[in-house]
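Student: Note that the sequence shown covers residues 183 to 597 in my numbering.
Can you read through this structure? Questions will come right after.
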Amino acid sequence: MRTVGIVVEYNPFHNGHLYHLQQSLKITEADAVVAVMSGHFLQRGEPALADKWVRAEMALRGGCDLVIELPVAYATQAAEWFAFGAVSLLDATGVVDSLCFGSEHGEIGILQRIARTLAAEPSGFRKLVAEELAAGVSYPAGYGAAVRRYMEAAGDLEAAAYPLDQPNNTLGLHYVLALERIGSRIRPYTLRREKAGYHERRFTDGQIASATAIRRTLMESGSLQDVAAYLPQSTVELLKKACDEGKAPIGWERFAERLFHRLLASPAEELAELHEMTEGLEHRIKKALPSLPSLDVEALLAALKTKRYTRTKLQRALLAALLGHGKELLAPARLRDGIGYIRVLGFSAKGRELLRRMRRSARLPVLLSAARPPADDPYLRLDAQATAAYALAYRQPGPRDLFRDYYEQPIIVDR
Numbered sequence: 183m184r185t186v187g188i189v190v191e192y193n194p195f196h197n198g199h200l201y202h203l204q205q206s207l208k209i210t211e212a213d214a215v216v217a218v219m220s221g222h223f224l225q226r227g228e229p230a231l232a233d234k235w236v237r238a239e240m241a242l243r244g245g246c247d248l249v250i251e252l253p254v255a256y257a258t259q260a261a262e263w264f265a266f267g268a269v270s271l272l273d274a275t276g277v278v279d280s281l282c283f284g285s286e287h288g289e290i291g292i293l294q295r296i297a298r299t300l301a302a303e304p305s306g307f308r309k310l311v312a313e314e315l316a317a318g319v320s321y322p323a324g325y326g327a328a329v330r331r332y333m334e335a336a337g338d339l340e341a342a343a344y345p346l347d348q349p350n351n352t353l354g355l356h357y358v359l360a361l362e363r364i365g366s367r368i369r370p371y372t373l374r375r376e377k378a379g380y381h382e383r384r385f386t387d388g389q390i391a392s393a394t395a396i397r398r399t400l401m402e403s404g405s406l407q408d409v410a411a412y413l414p415q416s417t418v419e420l421l422k423k424a425c426d427e428g429k430a431p432i433g434w435e436r437f438a439e440r441l442f443h444r445l446l447a448s449p450a451e452e453l454a455e456l457h458e459m460t461e462g463l464e465h466r467i468k469k470a471l472p473s474l475p476s477l478d479v480e481a482l483l484a485a486l487k488t489k490r491y492t493r494t495k496l497q498r499a500l501l502a503a504l505l506g507h508g509k510e511l512l513a514p515a516r517l518r519d520g521i522g523y524i525r526v527l528g529f530s531a532k533g534r535e536l537l538r539r540m541r542r543s544a545r546l547p548v549l550l551s552a553a554r555p556p557a558d559d560p561y562l563r564l565d566a567q568a569t570a571a572y573a574l575a576y577r578q579p580g581p582r583d584l585f586r587d588y589y590e591q592p593i594i595v596d597r
């Protein structure tokens, strides 16, 4: 059984995701799909619209065969470590033959040339990154500029012109870099992103819209009817059930009270020990709090944002404060060691067959719940804590919601 891996958030699963999934199967000639999916908190430092089990079922009903979780320690990181965690998990299953991701450019050969050049992080490249950051730009902008300069110096003008200012192109480069660095046999493919852009906040097409536009509309109107045209029917049904139960839609403001208490109660030196708190950001937060026009997360983000502190950077820092994620546990030296398990969130009939194969081929323990971990794994513990923190945003959270990681079995969808 040929199997393609994809890296997803499905926040929520929409028609554009369905197109990507179908095209991934087509261009890789695969028979099955393994999705690595972020849990309750996402790569841009945001809470997911609905919990990870709802979104795993969206994925399975949409055509995925096996959904495994990207631990929160990697799911909320910048592109390099997000990609490293996801690609490492796909490789560790032992059943994935290819990786297919969307990009604005849609050309894999150039990405592979850049990745092969930079995989070992040559000292000259690191120096260029440092120079760009010293000029006061954000890390993504500095990294992209350094790639351009380095590839120009190497004489590859086509690679130097590759548009790394576009988010999916950048993430795609890091997927291919991760494959190179771990020596994976997985073959990468990319699809040109069609219709709506990643950050597009408006509806621009009759059937496909960005997840950003869908979330924004749903949060503002509270009506699934306003976004139903852009979602598969199965996603509409699952979201309706979650909304009726008071478990969706979840946004940053559901966490405002707990977040502000943490920021106000913690001294600056304690905040400074949190992940993503760099260059005195903790002092900027403390200074901004008394002068906010209102006690909501959007007001805080607006007060903190600068050219250097992007919204994504700030959201990740606030998320670290909410979840208590310290610098030491999420330091690159620790992240480089990788993930110690494969957590299964759901599977189809084909997925069940993949799990049988993984019992022989997987290089990591395969977990169906967090109740019996291979050891006291720190990343698995962070996932359970993230589930409890997320559940507190429900309309009426119960004890089982807080401890759901320990008893919830994988979602099974036999298509």
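Using N, Cα and C, we set each Cβ at its ideal position, and we do this for glycine too.
As the structure is a prediction and not an experimental result, all values here were calculated from the model.
Which one of Q204, G227, K208, V236 has the shortest CA to CA distance from C425?
Tutor: It is V236.
Student: Does V358 get closer than 8 Å to chain C when you measure Cβ to Cβ?
Tutor: In the structure shown, chain C cannot be found, because there is only a single protein chain.
Student: Report yes if the CB atom of K495 is closer than 8 Å to the CB atom of H457, and no otherwise.
Tutor: For K495 and H457, no; Cβs fall outside 8 Å.
Student: Any idea what DSSP makes of E419, helix, strand or coil?
Tutor: If DSSP states are grouped into helix, strand and coil, E419 belongs with the helices.
Student: As a quick exercise: from E340, K309, L421, pick the residue whose alpha carbon is nearest that of A328.
Tutor: Ranking E340, K309, L421 by Cα distance to A328 puts K309 first.
Student: My understanding is that T299 touches G326, with C-beta atoms under 8 Å, so please give their C-beta distance in whole angstroms.
Tutor: Actually they are not in contact, since the Cβ atoms of T299 and G326 sit about 15 Å apart, beyond 8 Å.
Student: Hey, is the segment 525-532 in contact with the segment 587-597, meaning 3+ C-beta pairs nearer than 8 Å?
Tutor: Taking 8 Å as the limit for Cβ pairs, the verdict is that the segment 587-597 does touch the segment 525-532.
Student: Opposite C282 in the DSSP bridges: which residues?
Tutor: BP columns for C282 point to Y371.
Student: By Cβ distance, which residues of its chain are closer than 8 Å to V479, with the 5 residues on each side in sequence left out?
Tutor: So the qualifying residues of the chain are W434, E435, F437, A438, L441, L500.
Student: Nearest CA to the CA of T488: which residue from E590, Y321, R518?
Tutor: It is Y321 whose Cα lies nearest to the Cα of T488.
Student: Which value, in whole angstroms, describes the spacing of the CA atoms of A503 and S476?
Tutor: Taking the straight line joining both Cα atoms gives about 19 Å.
Student: Which value, in whole angstroms, describes the spacing of the CA atoms of L511 and L271?
Tutor: Going from the Cα of L511 to the Cα of L271 covers about 19 Å.
Student: Nearest by alpha-carbon distance to G522: which of L231, P253, L421 is it?
Tutor: Considering only alpha carbons, the answer is P253.
Student: As a quick exercise: from A312, Y192, R525, pick the residue whose alpha carbon is nearest that of R563.
Tutor: If we check each option's Cα against that of R563, R525 comes out closest.
Student: Quick check on the DSSP output: the alpha helix (DSSP H) that includes T275 runs from which residue to which?
Tutor: T275 -> alpha helix (DSSP H) spans 261-275.
Student: Alpha carbon to alpha carbon, what distance is there between A301 and I292?
Tutor: Cα to Cα, the separation comes out at about 14 Å.
Student: Identify the continuous alpha helix (DSSP H) that holds T299 and give its terminal residues.
Tutor: Its alpha helix (DSSP H) spans residues 290-300.
Student: Look at the alpha carbon of R397 and the alpha carbon of S366, and state the distance between them as a whole number of angstroms.
Tutor: Taking the straight line from one Cα to the other gives about 35 Å.
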